[in-house]
Amino acid sequence: MSRKPGGGARNGAESPGGGAKPIRREISQALFERAQLVIPGGVNSPVRAYRGVGSDPPFIARGAGPRVYDADGNEYIDYVGSWGPLILGHCDPGVLRAVGKAAAAGTSFGAPTAAEVELAETLCEALPSVEMVRMVSSGTEATMSALRLARAATGRSRLLKFEGCYHGHADSLLVGAGSGVATLGIPGSPGVPEAFVELTVQAPYNDLPATAAAFERWGDALACVIVEPVAGNMGCVPPEPGFLEGLRDLCDRAGALLIFDEVMTGFRVAWGGAQLRYGVEPDLTCLGKVVGGGLPAAAFGGRANLMRQLAPEGPVYQAGTLSGNPLAVAAGLATLRRLREPGTYDALESLTQRMTQGLAERADAAGVDFTTAGVGGMFGFFFHPGPVRSFADAREADEARFRKFFHAMLDAGVLLAPSPFEAGFVSLAHGDAEIEATLATAEGAFRAVAAR
Ligand code: KE4
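Everything in the sequence shown is counted per our numbering, starting at 110 for the first residue and increasing by one.
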């Protein structure tokens, strides 16, 4: 039996800060205590530990459509969506059927399968710049492998990334990263050799002059630029007009490759990803999250003349025991088949826009400095008067107000990403009821924030 938390307009209970019944999470608490004895920080990925919001995490027992339920039976409207993959919502019947059918035939073969070919063809058809892809099992593997390929193809070693962008936890890419690295305030990461750090050049996101200056200094030594075409790991920060086009031009003039890390934006902001939405074609694209439909599948791809340099056709080695895993491929294919139906991206965009506009209106009514951004099915917000164009701007936001807002929403049954340096995600399972309930809950949460 699921329990609706103390607040939440859905069940007519008190709104947050107005005498909501205390949320009970004893089972999650006991699980967290056990977990911390055998798993570092009690979690298998740092952001899940809720250090960014100063509390212990709920342990999730199950999901259904736009909702998740924690081990104590509390119900939440879910805007984390497993950090992006669950674009159809939890337990989508089509995905479950596809995974069950694949599992009945076997879970892994370490051999090529027809389904992998179909998924590769779908990715190449959808993404304007991609002629060939290689499947891997995580976004980290995708970006790490794309970086190796770029270095091999150019014979150069340096890379340029942007402050606050997160591209997974491969050594070269952990410099000045966003997401959990920013949330925990880790200055890079111990264990990354100085030699790797030196090879990574950084520039502020959305700052073309500073990026051009970095090219002045390092241009002919740069193998690539890697960028989140919509930043989702410093909060949600869209590219300013001309930024992505400028990167394309700088790379062309310097002979560097442009890598779009579309692990988050791929099939999230448009069927053809950010590269279709913004009309800028990278040389290599990294994918993850949605392409696995909630199971471990990711990929990287690009022009055939680049991708053919990968083993076994070429000398650049890259491999993986579970790459193209049949269950993950089945989940990914079922997800993409649904997404390519007419109207899905209009629906996602409409949900996101209603969410961001509604939050902004309620923050304004409460007299709280607040700015939002939404692109396709992803969104973000800052307790900041705006504009937020870069990681430096994002770090000026009021984190204490974020934490207060986060907990007021959580205790009223709305699950947001537990960090100001993350994005939120809607799904095709979210509808008017969820958005209206969320906005009604937010009214009380903003009042609680304003009262601070
Ligand atoms: P994974 O290795 O976590 O599958 O993907 C790494 C990655 C690469 N590129 C981008 C743009 C990403 O957002 C990510 C991973 N995103 C984080 C959340 N911001 C995953 C959540 C987590 O680290 O637990």
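Even for Gly, the Cβ is constructed at its ideal location relative to N, Cα and C.
Since we're looking at a predicted model, the values are computed, not measured.
What is the DSSP secondary structure of H199, reduced to helix, strand or coil?
strand
Going by Cα to Cα distance, which pick from L236, G215, F218 and E470 is closest to E552?
E470
If you draw a straight line from the alpha carbon of I544 to that of A323, how long is it in whole angstroms?
43 Å
For G429, I'd like the list of residues in its chain whose CB is within less than 7 Å of its CB, leaving aside the five on either flank, ordered along the chain.
V245, S246 and E250
Cβ-Cβ separation, A532 to C395 (assumed contact under 8 Å), whole Å:
So it is not a contact: roughly 16 Å between Cβ atoms.
What residues in its chain sit with their C-beta under 7 Å from that of Y159, if we drop five residues either side in the sequence?
D165, P166 and P527, listed in sequence order.
Determine the burial state of S238: buried for a count of at least 16 other Cβ atoms within 10 Å of its Cβ, exposed for fewer.
S238 should be labelled buried.
Using a threshold of 8 Å, state whether the C-beta atoms of E230 and R412 are closer than that.
Result no, Cβ atoms of E230 and R412 do not sit closer than 8 Å.
Can you check whether the CB of T292 is closer than 8 Å to the CB of V156?
yes
Would you identify the three-state DSSP class for E123, choosing helix, strand or coil?
For E123, the predicted model reports a pLDDT of 40, less than 50, meaning its position is unreliable and no value from the coordinates is stated.
According to the Cβ coordinates, are Q145 and L258 closer than 8 Å?
no
Nonlocal neighbours in the same chain, by C-beta distance under 6 Å from G285, ignoring five residues either side:
Closer than 6 Å at Cβ, skipping near neighbours: E272 and Q311.
C-beta contact flag for G174 and G198 at 8 Å
yes
Hey, G441 and V400 are a contact pair by Cβ (cut 8 Å); roughly how many whole angstroms apart?
Contact between G441 and V400 holds: their C-beta atoms lie close to 5 Å from each other, under 8 Å.
Just checking: is the beta-carbon of G277 within a distance shorter than 8 Å of some beta-carbon in chain C?
Of the chains in the structure shown, none is chain C; there is only one protein chain.
Is D520 helix, strand or coil by DSSP?
helix
Could you give the distance in angstroms between the alpha-carbon of A262 and the alpha-carbon of G423?
11 Å
Using the C-alpha atoms, what's the distance from S432 back to A420?
14 Å
Quick check on the burial criterion: 16 or more other C-beta atoms within 10 angstroms. Buried or exposed for R326?
exposed
DSSP state of L258, grouped into three classes?
Of the three classes helix, strand and coil, the one that applies to L258 here is helix, per DSSP.
By DSSP, does Y275 sit in helix, in strand, or in coil?
coil
Using the three-state DSSP reduction, which class does I335 fall into: helix, strand or coil?
strand
CA-to-CA distance, A180 to A332, given in whole angstroms:
47 Å
Out of D201, K270 and F488, point me to the one whose CA is closest to L282's CA.
K270
Taking the alpha carbon of A559 as the point to measure from, which residue in G476, G397 and T309 has its own alpha carbon closest?
G476
If you count every other CB in all the chains shown that lies within 10 Å of the CB of A223, and 16 or more means buried, which is it?
exposed
In three-state terms, what does DSSP make of Y178?
strand
Inter-residue Cα distance where the pair is A503 and T480
10 Å
Here's a check: name, in chain order, each residue in its chain whose Cβ is nearer than 7 Å to the Cβ of E390, leaving out the five neighbours to either side.
P237, S238 and Q384
A443 versus G203: straight-line alpha-carbon distance, rounded
6 Å
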